[in-house]
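Going by the numbering used here, the letters in the sequence shown line up with residues 5 to 240, in that order.
The beta-carbon is built from N, C-alpha and C at its ideal position, and this holds for glycine as well.
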Amino acid sequence: MKLLVSAAILALSSMAMLSDAHISFRYPCPRRGPYSECPQPKDNEWNLVDYDVQSPLGTHDSISDPICKHPSSFAGVRPTFTAGQTVQTKMDVDVNHNGGSCQWALSYDNGSTWVVIQDQFQNCLASAPASSTYTVPVTIPANAPTGKAILNWIWNNNEGNRELYSSCADVVIQGTNGGSLSGVAPLFANYGPSSPLIPERAVSGGDWGKKYFDARKPITVTVPAQKLKRQVVDMN
Ligand SMILES: *[C@@H]1O[C@H](CO)[C@@H](O)[C@H](O)[C@H]1NC(C)=O
Numbered sequence: 005m006k007l008l009v010s011a012a013i014l015a016l017s018s019m020a021m022l023s024d025a026h027i028s029f030r031y032p033c034p035r036r037g038p039y040s041e042c043p044q045p046k047d048n049e050w051n052l053v054d055y056d057v058q059s060p061l062g063t064h065d066s067i068s069d070p071i072c073k074h075p076s077s078f079a080g081v082r083p084t085f086t087a088g089q090t091v092q093t094k095m096d097v098d099v100n101h102n103g104g105s106c107q108w109a110l111s112y113d114n115g116s117t118w119v120v121i122q123d124q125f126q127n128c129l130a131s132a133p134a135s136s137t138y139t140v141p142v143t144i145p146a147n148a149p150t151g152k153a154i155l156n157w158i159w160n161n162n163e164g165n166r167e168l169y170s171s172c173a174d175v176v177i178q179g180t181n182g183g184s185l186s187g188v189a190p191l192f193a194n195y196g197p198s199s200p201l202i203p204e205r206a207v208s209g210g211d212w213g214k215k216y217f218d219a220r221k222p223i224t225v226t227v228p229a230q231k232l233k234r235q236v237v238d239m240n
C-alpha cells in the first residue's frame with residue numbers, strides 16, 4: 005500500500021513537471037527518460053529518472069546541464085542503425101517555440117567529440133503540434149564507422165528564452181568496421197554567456213545565427229576496427 009501511494013505521488017509530480025517541459029527524443033530513447041518502452045532504472049536508480057527530460061540545457065545567461073544532460077542511459081538494449089539508413093526518429097513535443105535550427109551529431113567517444121550528420125536550419129520542428137509525438141527522419145551517413153555511438157539532437161529555438169536543447173540516445177552504428185567520419189563540429193549557441201548568442205528570429209529581423217553555423221569547424225573522427233559480437237549491444 006505504501007508503495008502504491010508513493011508511486012501515485014511520483015506519477016502526479018512527474019505530470020506536473022512535464023507540463024513545463026519542451027522537446028526531447030522519444031525514439032531512440034533519450035538517456036534516463038521516463039518512457040515505459042525505454043531502458044528502466046534498477047531499484048536503486050529511480051531517483052535518476054529525468055521526468056523533465058524535454059527541458060533545455062539552460063539559456064544564454066546560464067548553463068544548467070551538460071551537453072546530453074546525462075552521462076549515461078539505464079542498462080538496456082541499444083537500437084542498431086545501419087550506415088545509410090534513414091531513421092524515423094520521434095520527438096516528444098510539448099511546445100515548439102515556433103521552430104528553430106536543429107543539428108544532429110554522432111559521437112563515438114562518449115561525447116568528447118561530435119560530428120554533425122544532418123542540419124535543418126530555421127524551420128526545424130516549426131510544424132510539430134503541441135503535445136505530440138512528431139516524426140523526423142535522420143539519415144546515418146553511408147560511410148559511418150561501426151561502433152557504439154551517441155546520437156545527439158541539438159536545437160536552438162526561434163522564440164522565447166534563448167535556449168539550447170540536447171537530447172542524447174545511446175545507439176550502435178553498423179557500417180564500416182574501422183573507419184572515419186568527417187563533417188563539422190556542432191555549434192552550441194545560447195549555452196552560457198561565453199557561447200554565441202542567437203537572438204529571437206522575429207525580434208532580430210530574421211537573424212537566425214547563420215554566421216555562427218557557417219563558422220563551424222571541420223572535424224574528422226577515426227574509429228578503430230572492433231569486434232561486435234552481437235547485433236544488439238547493451239548500453240554499457
Ligand atoms: C561517459 O562519460 C561519462 C561522463 O560524462 C561517464 O560518467 C561515463 O562513465 C562514461 N561512460 C563510459 C562507457 O565510459
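DSSP state of residue i mapped onto helix, strand, coil
i: Asp211; result: coil
i: Trp50; result: helix
i: Phe246; result: The chain is shown only over 5 to 240; residue 246 falls outside these bounds and no answer can be derived.
i: Leu16; result: Any answer about Leu16 is weak, because its pLDDT of 44 lies below 50 and its placement is not dependable; what the coordinates show is given next. Note: Leu16 maps to helix in three-state DSSP.
i: Phe29; result: strand
i: Tyr2; result: With the chain covering only 5 through 240, there is no way to say anything about residue 2.
i: Tyr216; result: helix
i: Phe78; result: coil
i: Gln230; result: coil
i: Glu204; result: coil
i: Asn100; result: coil
i: Trp118; result: coil
i: Tyr112; result: coil
i: Gly250; result: In the structure as shown, the chain begins at 5 and stops at 240. Residue 250 is therefore absent and cannot be evaluated.
Beta-carbon proximity of residue i to residue j, cut-off 8 angstroms
i: Gln92; j: Pro141; result: yes
i: Val119; j: Gly182; result: no
i: Met109; j: Asn156; result: Residue identity check: residue 109 is Ala in the sequence provided, not Met. Contact: yes.
i: Glu167; j: Thr86; result: no
i: Gln89; j: Gly151; result: no
i: Ser184; j: Thr224; result: yes
i: Pro45; j: Ser171; result: no
i: Ile154; j: Gly179; result: no
i: Pro32; j: Val175; result: yes
i: Leu201; j: Phe217; result: no
i: Gly196; j: Ile67; result: yes
For residue i, the nearest candidate out of the options (CA to CA)
i: Tyr55; options: Pro38, Asp47 and Asn48; result: Pro38
i: Asn194; options: Asn147, Asn160, Gly210 and Cys33; result: Asn160
i: Thr117; options: Pro145, Met95 and Cys72; result: Cys72
i: Arg205; options: Ile121, Asp218 and Asn162; result: Asn162
Segment limits, beta strand (DSSP E) that includes residue i
i: Thr84; result: Thr84 to Thr86
i: Trp159; result: Gly151 to Asn161
i: Ile67; result: No beta strand (DSSP E) contains Ile67, which DSSP labels as neither H nor E.
i: Pro60; result: From DSSP, Pro60 is part of no beta strand (DSSP E); its letter is neither H nor E.
i: Ala173; result: Glu167 to Gln178
i: Tyr138; result: Ser136 to Thr143
contact_flag[the stretch 99-106, the stretch 68-81] where n(CB pairs < 8 angstroms) is 3 or more: The answer is no - the stretch 68-81 does not touch the stretch 99-106, with fewer than three Cβ pairs under 8 angstroms.
Cβ pair count under 8 angstroms reaching 3, the stretch 25-41 against the stretch 92-101: Touching, yes, given that three or more Cβ pairs across the two stretches are closer than 8 angstroms.
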